[in-house]
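Residue numbers (the working numbering): 72 to 594.
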Ligand code: NOJ
């Protein structure tokens, strides 16, 4: 009996510590790793509706918050808009031929909510022409043996829901989003087996409702982001339950969420304060959403820091909303796979912020400072430094914290500055090479990564940066009304990674063949 008790205690200790076993003090950068990805690994590329479709007011589509935001002067660099963008709405066949050229296994796209529900509310109107567009896209992908991965929310909330209810500030979004998702399952779920509820809710919360750089452009500092996130987490969970109870039996698909997260590396890995600050950075980023979804509640460190700072401001309750115990168990475990969007890394060190009246914000709540190494390459966007080893660290962190979930990398890539109209994007080749190689190392570390999505297939509307930041494998000439696409050099390179499923060591392969071995293990 005693033995059994000890055993139970041991199991409990092991379970509790399983979430903690990420080792901050070891950062083994290693060298290039020759090897291939597991058989069946899925290679893809991605896009999103507002960034590529154009046709903003065609065939009965309603307005989204991005249509309205981008039409307001001064919100987007050079007052660019997504009105016509890549004209992807009219180019299904052409774009699928680009995917075929790359030999993609999957394509990640998003469904524009106001294109199929113009006001966002099902009982108002369902736009069959919008449905027809996605039907065609999905059918064409499948005919070409490309697996569709559909995102339900890539930031284009119907404007009516923003105006009437305040968008994600309002709990009613949970039901409206669920009705929209349910319609998508009903109409597309016989063919789409991979669903992503929300794309990068961190950005929606922080940039949409805290800093106001993104639509809807609200600056509700210190509260707006937390409230938006709270409602998005509940909305995600509700949609997962809807699929689980109503559709999974018939359709046999998977529902996940796509979270973005930069990696945060302690400036000094022998300094406990830096380690704690780096962990806070990651917890306030990816942990904010992943911890409720995998463990049922916000990260303890967010509850502690935001709670303490709220009290110092004289507030009766924390600015971070709370989940009831019922909500915790409803939200916990609502993820069949975890989508990870990752682009860059920061060095992190501890920095205290005083929480005076009215000066609170998500950023000061974290008590840290972000630094970069000036030697890191930054070929494109100002914020995007190429730090490949950070990717492996993040993936290992996710494995340790959330009990090794099934992961699909839903976004990874690099942009270029507008001046560069050449198609010889060697820095992008380098970025893809190094980042996918670090992903391979992470898989060897035991991280359960099943697929990779290069971001993005095409150059496209890059939110508040307009068309100035080009992430595409294909160059798009936006000045030409037809928006022609041209392959950059990285197309050939990515194609090669895909066709050899990684980085087989050519010399070893030859040697082994010479020696007559059939079972090749490249190290
Ligand atoms: C994440 C967003 O989801 C995507 O839409 C955007 O293009 C990339 N970040 C690059 O900034």
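All C-beta atoms, glycine included, are put in the ideal place defined by N, C-alpha and C.
For this session: Tell me whether residue 222 is buried or exposed, calling it buried when 16 or more other Cβ atoms sit within 10 Å of its Cβ.
Result: Classification for residue 222: buried.
Problem set entry | Other residues of its chain near residue 198: CB distance less than 6 Å, five sequence neighbours each side excluded | Answer for residue 198: 131, 187 and 189, listed in chain order.
Problem set entry | Cβ neighbours of residue 534 in the same chain (closer than 7 Å, five flanking residues each side left out) | Counting only Cβ-Cβ distances below 7 Å, and skipping sequence neighbours, we find 285.
Problem set entry | Sequence-distant residues of the same chain with beta carbon closer than 8 Å to residue 213, five excluded per side | Only 219 and 262 meet the Cβ criterion.
For this session: Report the rounded CA-to-CA distance for residue 378 versus residue 389, giving the unit in angstroms.
Result: Straight-line Cα distance between these residues: approximately 5 Å.
Exercise. Between residue 437 and the rest of its own chain, which residues show a CB-CB distance below 6 Å, the 5 nearest in sequence each way excluded?
Worked result: Excluding sequence neighbours, residue 437 sits near 351 and 355.
Problem set entry | Integer-rounded CB distance, given that residue 332 should sit under 8 Å from residue 364 | Wrong, their Cβ atoms sit about 13 Å apart, outside the cutoff.
Exercise. Based on Cα-Cα distance, which residue from 206, 523, 133 and 139 lies nearest to residue 478?
Worked result: Answer by Cα proximity: 523.
Problem set entry | Through-space distance from residue 573 to residue 282, alpha-carbon basis | Rounded to the nearest angstrom, the two C-alpha atoms are 40 Å apart.
For this session: In angstroms with no decimal places, state the Cα-to-Cα distance between residue 591 and residue 110.
Result: With a pLDDT of 34 at residue 591, under the threshold of 50, the predicted position of this residue should be treated as unreliable, though the coordinate-derived value follows. Just so you know, the alpha carbons of residue 591 and residue 110 end up roughly 14 Å apart.
Exercise. Which of the three DSSP states, helix, strand or coil, is assigned to residue 78?
Worked result: Low per-residue confidence applies at residue 78: pLDDT is 48, beneath 50, and the placement is therefore not dependable enough to give any value.
Problem set entry | Span separating the alpha-carbon of residue 463 from that of residue 494 | Cα-Cα distance, rounded: 29 Å.
Problem set entry | Residue nearest to residue 208 in terms of C-alpha spacing, selected from 172, 173, 196 and 168 | The candidate whose alpha carbon is nearest that of residue 208 is 168.
For this session: Pick helix, strand or coil for residue 456, following the three-state DSSP scheme.
Result: Coil.
For this session: Note down the Cα distance separating residue 70 from residue 430, rounded to an integer number of angstroms.
Result: As displayed, the chain neither begins before 72 nor continues past 594, which places residue 70 out of reach and without an answer.
Exercise. Among all the DSSP beta bridges, which residues are the ones paired with residue 105?
Worked result: Per DSSP, residue 105 has no beta-bridge partner at all.
Problem set entry | Local Cβ density within 10 Å of residue 445, reported as buried at 16 or more and exposed below that | Classification of residue 445: exposed, given that the 10 Å Cβ count is below 16.
Exercise. Going by beta carbon distance, what residues of the same chain come within less than 8 Å of residue 78, once the five residues before and after it are set aside?
Worked result: Confidence at residue 78 is low in this model, with a pLDDT of 48, below 50, so the placement of that residue is unreliable and no value is reported for it.
Problem set entry | For residue 538 and residue 593, the rounded distance between their alpha carbons | For residue 593, the predicted structure reports a pLDDT of 29, less than 50, and the residue's modelled location is therefore unreliable. A value from the coordinates is still provided. The C-alpha of residue 593 lies about 42 Å from the C-alpha of residue 538.
For this session: Give the straight-line distance between the Cα atoms of residue 519 and residue 500, rounded to the nearest whole angstrom.
Result: Taking C-alpha positions only, residue 519 is separated from residue 500 by approximately 25 Å.
Exercise. Thinking C-alpha only, which one of 476, 211 and 135 is nearest residue 184?
Worked result: Ranking 476, 211 and 135 by Cα distance to residue 184 puts 135 first.
Exercise. Should residue 165 be labelled buried (16 or more other beta-carbon atoms within 10 Å of its own) or exposed?
Worked result: The C-beta of residue 165 has fewer than 16 other C-beta atoms within 10 Å across all chains shown, which makes the residue exposed.
For this session: Determine the contact status of residue 245 and residue 296, defining contact as a CB-CB distance below 7 Å.
Result: Not closer than 7 Å, so no.
Exercise. With distances taken between CB atoms, is the gap from residue 418 to residue 509 smaller than 7 Å?
Worked result: It is not a contact, given that the beta carbons lie outside the stated cut-off.
For this session: Consult DSSP for residue 425 and reduce its assignment to one of helix, strand or coil.
Result: It is coil, neither helix nor strand.
Problem set entry | Through-space distance from residue 181 to residue 160, alpha-carbon basis | Taking the straight line joining both Cα atoms gives about 12 Å.
For this session: My understanding is that residue 260 touches residue 481, with C-beta atoms under 8 Å, so please give their C-beta distance in whole angstroms.
Result: That pair is no contact at about 19 Å.
Exercise. So, helix, strand or coil for residue 443, using DSSP?
Worked result: Looking at residue 443 - three-state DSSP - the assignment turns out to be coil, as it is neither helix nor strand.
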